[in-house]
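Taken in order, these protein sequences are the chains called C and Z.
Note that the working numbering has the first sequence beginning at 1, numbered continuously upward.
Note that the working numbering has the second sequence beginning at 1001, numbered continuously upward.
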Amino acid sequence: GNSVTQMEGPVTLSEEAFLTINCTYTATGYPSLFWYVQYPGEGLQLLLKATKADDKGSNKGFEATYRKETTSFHLEKGSVQVSDSAVYFCALGVEKLTFGTGTRLTIIP
Amino acid sequence: DTGVSQNPRHKITKRGQNVTFRCDPISEHNRLYWYRQTLGQGPEFLTYFQNEAQLEKSRLLSDRFSAERPKGSFSTLEIQRTEQGDSAMYLCASSLARIGLAGAYEQYFGPGTRLTVT
């Protein structure tokens, strides 16, 4: 079956630091890959997605590339802001989604 | 712009009671999903519908759980004879699957219903 392994948190960074949150997966078939974000007190929101190998998803300064050779979909941002503090979930699937356990990110001014 | 809505937002019940949750998807979305999320974990898939047809159920969905989407619009998730292990956040999501277009469709999540079984 499908599974997602996500970098354990919590992660604490200073404002304007570079962010990487690692995500690796095992999958059968050709799933799409997603990053979802959950801000404090809010529901899950889709941050970005990639539907096939070598696709790059991007949104709000975040990027992730679907790497089939390393079965990875690492999330990166060049300069984080306090407002990026949230829990980030890596997920994969076609119909149903399989999620990682989430990484809590805290950005300090 | 109305997103996915869920009611109630919070439910506290005693062990052994039945509970029912409702999900209203984005109006034109034909797929509806239920997930469960426990503290410190990611959401786990429970079941999903395309229109009124229930297409897949997880092994997590014991026979105490039943979900319906009778007219292909809103959905209900009922848990009978609740147990303390059922305490979790129950999430609903919807998406628009386009005929003839394969691949994953973006799922939009509701705020969830937090169930506490005492």
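Each residue gets a CB set at the ideal place from its N, CA and C atoms; glycine is no exception.
Here the structure is a predicted model, which means the values were calculated and not measured.
Item, Value
"Should residue 1031 of chain Z be labelled buried (16 or more other beta-carbon atoms within 10 Å of its own) or exposed?", "buried"
"Less than 9 angstroms between CB atoms is the rule here; does residue 1090 of chain Z satisfy it with respect to chain C?", "no"
"Alpha carbons only, please: which of C:2, C:36, C:13 is nearest the one belonging to residue 74 of chain C?", "C:36"
"Can you give me the Cβ contacts of residue 93 of chain C inside the same chain, cut-off strictly under 6 angstroms, excluding the 5 residues immediately before and after it?", "31"
"Should residue 1093 of chain Z be flagged as near chain C, meaning a C-beta pair shorter than 9 angstroms?", "yes"
"Does the separation of the CB atoms of residue 97 of chain C and residue 1090 of chain Z fall below 9 angstroms?", "no"
"Could you check whether the stretch 80–94 of chain C touches the stretch 1081–1095 of chain Z, counting it as contact only if at least three pairs of C-beta atoms, one from each stretch, sit closer than 8 angstroms?", "no"
"Secondary structure at residue 84 of chain C, three-state DSSP: helix, strand or coil?", "helix"
"Residue 1078 of chain Z: which of Z:1072, Z:1071, Z:1062 sits nearest, CA to CA?", "Z:1062"
"Restricting to runs no shorter than 3 residues, where is the beta strand (DSSP E) found entirely within the stretch 23–63 of chain C?", "23–26, 32–38, 44–50, 56–59"
"Measuring only between beta-carbons, confirm whether residue 43 of chain C sits less than 9 angstroms from chain Z.", "yes"
"Could you name the residues that DSSP lists as bridge partners for residue 1050 of chain Z?", "Z:1031, Z:1053"
"Nearest chain C C-beta to residue 1040 of chain Z closer than 9 angstroms, yes or no?", "yes"
"Nearest by alpha-carbon distance to residue 48 of chain C: which of C:88, C:105, C:11 is it?", "C:88"
"Check the C-beta distance from residue 12 of chain C over to residue 100 of chain C and give it rounded, since I have them as a contact under 8 angstroms.", "Between residue 100 of chain C and residue 12 of chain C the Cβ distance is about 19 angstroms, and since that is not below 8 angstroms, they are no contact."
"At 9 angstroms on the CB atoms, spell out the chain C contacts of residue 1072 of chain Z, in chain order.", "Residues of chain C passing the Cβ test: none, with the nearest at roughly 17 angstroms."
"From C:63, C:34, C:46, C:84, pick the residue whose C-alpha is nearest to that of residue 25 of chain C; which is it?", "C:34"
"Would residue 1038 of chain Z and residue 1082 of chain Z be called neighbours here (beta carbons separated by less than 9 angstroms)?", "no"
"Per DSSP, residue 97 of chain C forms a beta bridge with which residues?", "C:93"
"At least one CB of chain C closer than 9 angstroms to the CB of residue 1055 of chain Z: is that the case?", "yes"
"Thinking just about the alpha-carbon of each residue, which of Z:1117, Z:1118, Z:1111, Z:1116 is nearest to the one in residue 1003 of chain Z?", "Z:1111"
"If you compare alpha carbons, which of C:70, C:17, C:109, C:102 is closest to residue 76 of chain C?", "C:17"
"Among Z:1085, Z:1040, Z:1107, Z:1051, whose alpha-carbon lies nearest the alpha-carbon of residue 1016 of chain Z?", "Z:1085"
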